[in-house]
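A.B. asks:
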Amino acid sequence: ALDIYEDARKHTIVGLNQLRDWGVVKNLIRPRLVNYSMNEEMLEEVPHVRIADLAVTFYIPSDELFAQHRSGNIRVSKFLMEEYGVRESDLYKHAINNLEQAGYTFEKLSNILEPPAMGRDVLYLLTCNEGVLGAAVMVSKKILNEVCQILGRSKFYMLPSSTHECLIVNDDSLELSVL
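For this note's numbering, count along the sequence shown from 1 and bump the result up by 472.
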């Protein structure tokens, strides 16, 4: 039991030191998309970038910093941002770059649901490869350009369905009221 305790203590201390090191964190930080008006109080405490009625906040996956089997996310606070000596624009740039490097999943919803949605292949699921907090892919111009190429069109509807994914509607004949 003492060996387990010592191992956990050693990894936790290393993780906490890394948490304060921008040289480490800048390669780990990820974006999280939240509803702006529903999170105004929280947004007072964290750096964020507002995009329409949403806000991009930032987090660090804790399993990247701590010993194995520790899951969760560490929200980047204004305090941490000041510790790093960076601006919100730096956090945003690195978070989006890390998201793009990690990759994304783009799949027909009919491959996931039975029976196929709407009877046609017009609905797609878009998320990050990890599948956690993946709705943030919708703020990556690079990923959206790749989706346009895959669909063979320059316009589509994008609906955030949760913080983890968004739906892509590849049918401009649908009326907005239907969506």
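Idealized CB from N, CA, C, for every residue including glycine. Quantities reported herein were computed from a predicted structural model and do not represent experimental measurements.
Exposed or buried, what is residue 640 when buried is set at 16 or more other beta-carbons lying within 10 Å of its beta-carbon?
C.D. replies: Counting Cβ neighbours within 10 Å, residue 640 comes out buried, since at least 16 surround it.
A.B. asks: Residue 558 to residue 615, Cα distance in whole Å?
C.D. replies: Between residue 558 and residue 615, the C-alpha separation is close to 25 Å.
A.B. asks: I need the straight-line Cα distance from residue 618 to residue 544, nearest angstrom please.
C.D. replies: Rounded to whole angstroms, residue 618 to residue 544 spans 29 Å at the Cα level.
A.B. asks: Indicate whether residue 580 and residue 595 have their beta-carbon atoms separated by less than 9 Å.
C.D. replies: Cβ atoms of residue 580 and residue 595: closer than 9 Å.
A.B. asks: Among 611, 497, 526, which has the Cα closest to the Cα of residue 510?
C.D. replies: Cα-wise, what sits closest to residue 510 is 526.
A.B. asks: Here's a check: name, in chain order, each residue in its chain whose Cβ is nearer than 6 Å to the Cβ of residue 635, leaving out the five neighbours to either side.
C.D. replies: Counting only Cβ-Cβ distances below 6 Å, and skipping sequence neighbours, we find 605, 607.
A.B. asks: Going along the chain, which residues of its own chain have a beta-carbon closer than 6 Å to the beta-carbon of residue 598, five neighbours each way excluded?
C.D. replies: These residues qualify, in order along the chain: 578, 609, 638, 640.
A.B. asks: Between the C-alpha atoms of residue 562 and residue 499, what's the straight-line distance to the nearest angstrom?
C.D. replies: Cα to Cα, residue 562 sits roughly 12 Å from residue 499.
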